[in-house]
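Visitor: Questions regarding the structure given below will be posed in turn.
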Amino acid sequence: MRILLIHQNFPGQFRRIGHTWAQQPGWEVIGLGRRTAPGMSSVRWIPYDLARQPHKLQHPYLRQMEDAVLHGQAAARVLLKLKQQGYRPDAILAHPGWGETLYARDVFPDARLIHFCEWYYGTPGSDVGFDPEFPANFDTLAKLRTWNALHTLNLDNCDVGVSPTQWQRSRHPTIYLPKIHLAHEGIDTELLRPDPGAQLKLPSGHIVKAGDPVITYVARNLEPYRGFHTFMRMLEKVQKAHPHCHTVIVGGDEVSYGQKPADAPNWREKMQREVQLDATRTHFMGKLPYDQYRKVLQVSSAHVYLTYPFVLSWSMLEAMASGCLVIGSRTGPVQEVITDRENGLLVDFFDTGAMADRVVEALDNQAAMRPLREAAMRCAREGYSLTEGEKAFRRLLTPEASS
3 MRILLIHQNF PGQFRRIGHT WAQQPGWEVI GLGRRTAPGM SSVRWIPYDL ARQPHKLQHP
63 YLRQMEDAVL HGQAAARVLL KLKQQGYRPD AILAHPGWGE TLYARDVFPD ARLIHFCEWY
123 YGTPGSDVGF DPEFPANFDT LAKLRTWNAL HTLNLDNCDV GVSPTQWQRS RHPTIYLPKI
183 HLAHEGIDTE LLRPDPGAQL KLPSGHIVKA GDPVITYVAR NLEPYRGFHT FMRMLEKVQK
243 AHPHCHTVIV GGDEVSYGQK PADAPNWREK MQREVQLDAT RTHFMGKLPY DQYRKVLQVS
303 SAHVYLTYPF VLSWSMLEAM ASGCLVIGSR TGPVQEVITD RENGLLVDFF DTGAMADRVV
363 EALDNQAAMR PLREAAMRCA REGYSLTEGE KAFRRLLTPE ASS
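If you count the sequence shown from 1, position 242 lands on 244 in my numbering, and the numbers rise without skipping.
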């Protein structure tokens, strides 16, 4: 079996699946990603470079499409070279969101093309226009509608698609849903476990331990799409109600989704100006190595996960697998996994008062919350393990297995 993995930021979501498949006897796995991608040691990967950047005078609605064409051309040049060398993949598993697979079928018409269908923009009830603090205008909606031309082409081009959650799958046009299978790539449920003896040394030198009143919040970057503004407003209320709790906040100052604030370098600084927090009990950790990140989850007494109706973060599932009590936003992607008072607590995304009440309740009643933590662990282990994820993706590799 010859498999080609394509991801702009290779390996992206394919890290663990790629590593597993590369170890299979008789399997050859090759990766393709932009030269700035981190790559991985266990899978040979080939970098590509864009010939140029999108034209500065390009119509704003078309800039994303021109960028996709440039990515598609850059990837096609590498694929054509591989073909000249005699390479023929049996299957191509790709995240097509940046355009790399636009011309993959023209190079390898016989390869099974599997697309990772992460998101389809601008659908009713989703992220755009969800937050009244950041209303969508006509220009934004028009830009997204044009942007979806790429995603519709991707859906039409592929043999089969895969979405990690039912919520994300449901955002795609109805006509394509029979083509899109549900399969989460999985999290490491063997590595992510509770540790009653866990300790975490904070930048201040203070040490927090499992069982202490510790609030945790994790995002790739601290921004409104992941409810950072709501979290900070809530935290101000919690600190007044609970004078001994500590809060550990993990995430960078860049922007993954949405826009930077207009009046501050980043959302962390903007929200620190807006709310009054006890700096001795509020610990911004930035981005952490994985082992330290695991310890953050292991010392958590109340893990707050907030998101727009958008892509579900791995971090929420990893928190559940680690035995955290997750206090999540009552939004589509979270409700797919968490049922209120069964395996976590749900709150309205914008209701900082109710959110603060749930956090204080969790801190003050840790023994009573243990059944919810245990149910969260079972949910993560039974539905989102690496083993189950790999099996589901493997079924997509051949037409007979995924029909």
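Where a beta carbon is used, it is the ideal one built from N, C-alpha and C, also for glycine.
1. Counting C-beta neighbours from all protein chains within 10 Å, is the total for Leu-184 16 or more, i.e. buried, or is it exposed?
2. Leaving out the 5 sequence neighbours to the left and right, which residues in its chain are closer than 7 Å to Ile-340 when beta-carbon positions are compared?
3. Would you call Thr-167 buried or exposed, if buried means 16 or more other Cβ atoms sit within 10 Å of its Cβ?
4. Helix, strand or coil: which one does DSSP assign to His-21?
5. Do Asn-223 and Ser-258 have their CB atoms nearer than 7 Å?
6. Quick check on the DSSP output: what are the complete alpha helix (DSSP H) runs of length 4 or more inside the stretch 117-202, in order along the chain?
7. With Leu-104 and Ala-70 assumed to form a contact (beta carbons below 8 Å), what rounded beta-carbon distance in angstroms separates them?
8. Quick one: using the 10 Å Cβ neighbour count with 16 as the cut-off for buried, is Asn-297 buried or exposed?
9. Helix, strand or coil for Arg-375 per DSSP?
10. Based on Cα-Cα distance, which residue from Asp-141, Pro-196, Thr-154 and Gln-87 lies nearest to Cys-119?
11. Please give the ranges of any alpha helix (DSSP H) in the stretch 331-384, keeping only runs that are unbroken, at least 4 residues long and fully inside the region.
12. Express the C-alpha separation of Arg-4 and Arg-90 in angstroms, rounding to a whole number.
13. Mind checking whether Ala-382 and Ala-304 have CB atoms under 7 Å apart?
14. Check for me: the alpha helix (DSSP H) holding Leu-84 runs from which residue to which?
15. Could you tell me the distance, in whole angstroms, from the CA atom of Gly-41 to the CA atom of Gln-86?
16. With distances taken between CB atoms, is the gap from Glu-1 to Pro-56 smaller than 7 Å?
17. What residues in its chain sit with their C-beta under 7 Å from that of Gly-99, if we drop five residues either side in the sequence?
18. Please state the DSSP three-state secondary structure of Val-210.
19. Taking Gly-229 as the reference, give the member of His-174, Thr-22 and Phe-136 with the closest Cα.
20. Rank Pro-134, Leu-152, Val-130 and Ala-151 by C-alpha distance to the C-alpha of Leu-143 and give the top, closest one.
21. Count the C-beta pairs between the stretch 350-363 and the stretch 238-247 that are closer than 8 Å, then say yes if the count reaches three, no if not.
22. To which residues does DSSP link Ser-2 through a beta bridge?
23. Helix or strand or just coil, what does DSSP make of Gly-14?
24. DSSP on His-231, reduced to helix/strand/coil?
25. Under 6 Å Cβ to Cβ from Asp-92, same chain only, skipping five residues before and after it: list those, please.
26. Relative to the alpha-carbon of Pro-311, which residue among Phe-286, Asp-350 and Ile-209 has its alpha-carbon at the smallest distance?
27. Which residue spans inside the stretch 27-63 form an unbroken beta strand (DSSP E) run of at least 3?
28. Taking Cβ to Cβ, would you say Tyr-219 is nearer than 7 Å to Val-306?
29. Using the DSSP secondary-structure output, state which residues sit across from Ala-304 in a beta bridge.
30. Only counting the same chain, and skipping five residues up and downstream in sequence, which positions put a Cβ closer than 7 Å to that of Gly-124?
31. Are the stretch 370-379 and the stretch 201-218 touching, with three or more C-beta to C-beta distances below 8 Å?
Guide: According to the data block:
1. Exposed is the call here.
2. Excluding sequence neighbours, Ile-340 sits near Val-328, Gly-330, Gly-346 and Leu-348.
3. Classification of Thr-167: buried, given that the 10 Å Cβ count is 16 or more.
4. If DSSP states are grouped into helix, strand and coil, His-21 belongs with the helices.
5. Closer than 7 Å, so yes.
6. Runs of the alpha helix (DSSP H) inside the stretch 117-202: 140-159 and 168-172.
7. Right, their Cβ atoms sit about 6 Å apart.
8. Inspection of the sequence shows that residue 297 is occupied by Lys rather than by Asn. With 16 or more other Cβ atoms inside 10 Å of its own Cβ, Lys-297 counts as buried.
9. Three-state DSSP puts Arg-375 in a helix.
10. Relative to Cys-119, the option among Asp-141, Pro-196, Thr-154 and Gln-87 whose CA is nearest is Thr-154.
11. Counting only runs of 4 or more, we get 334-337 and 354-366.
12. So the two alpha carbons sit approximately 7 Å from each other.
13. For Ala-382 and Ala-304, no; Cβs fall outside 7 Å.
14. Judged by DSSP secondary structure, Leu-84 falls within the alpha helix (DSSP H) whose first and last residues are 62-86.
15. So the two alpha carbons sit approximately 24 Å from each other.
16. With the chain covering 3 to 405 only, the question about residue 1 has no answer from this structure.
17. The beta carbon of Gly-99 lies closer than 7 Å to those of Glu-120 in the same chain, with the five residues before and after it left out.
18. In the structure shown, Val-210 sits in a strand (DSSP, three-state: E or B).
19. Comparing Cα positions, the closest option is Phe-136.
20. If we check each option's Cα against that of Leu-143, Val-130 comes out closest.
21. Short answer: they touch.
22. It is not possible to answer for residue 2, since the shown part of the chain is limited to 3 through 405.
23. Three-state DSSP puts Gly-14 in a helix.
24. Residue state, collapsed to three classes: helix.
25. A distance below 6 Å between beta-carbons, with the five flanking residues on each side excluded, links Asp-92 to the following residues of its chain, in chain order: Met-3 and Arg-4.
26. Closest by alpha carbon: Asp-350.
27. Within the stretch 27-63, the complete beta strand (DSSP E) runs of at least 3 residues are 30-36 and 46-50.
28. The answer is yes: Cβ separation under 7 Å.
29. Beta-bridge pairing links Ala-304 to Ile-217.
30. So the qualifying residues of the chain are Val-130, Leu-143, Leu-146, Arg-147 and Asn-150.
31. Result no; under three Cβ-Cβ pairs closer than 8 Å.
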